[in-house]
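A.B. asks: 34 is the number of the first residue of the sequence shown in my numbering; add one for each residue after it.
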Amino acid sequence: MSKVLCGTLLALCAMLDGCAASRSGCFAEACERPDSNDRELVIWWPADMRQGLEARERTLDFTVVPLRD
34 MSKVLCGTLL
44 ALCAMLDGCA
54 ASRSGCFAEA
64 CERPDSNDRE
74 LVIWWPADMR
84 QGLEARERTL
94 DFTVVPLRD
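1. CB-CB under 6 Å to Trp78, same chain, minus the five flanking residues each way: which ones, in chain order?
2. Who are the Cβ neighbours of Thr96 in its own chain at under 6 Å, not counting the five residues just before and after it?
3. For Arg72 and Asp102, what's the separation of their Cα atoms in angstroms?
4. Tell me the DSSP secondary structure of Leu12 in three-state form.
5. Which residues bound the beta strand (DSSP E) around Glu73?
6. Could you give the first and the last residue of the continuous beta strand (DSSP E) run that contains Pro99?
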């Protein structure tokens, strides 16, 4: 019984460690996208609001607007 309990406890600790481990680096598309901050506002445009853009501009789904003081 104690071996089962120890195994369960070990498995639980391993799962919690995997959830708490920090991942260095970012490999997703979202990592390349800007975030709003105190100097700039990022406006995200849905696909239906990007009609009329040229093909190369269609991939731009956001606009960065500088904020004034």
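Positions of the beta carbon are idealized from the N, C-alpha and C atoms, including for glycine.
C.D. replies: On the basis of the coordinates in this document:
1. Asp94.
2. The residues are Ile76.
3. 9 Å
4. The chain is shown only over 34 to 102; residue 12 falls outside these bounds and no answer can be derived.
5. Annotation for Glu73: the continuous beta strand (DSSP E) segment containing it runs Glu73 to Trp77.
6. Phe95 to Pro99
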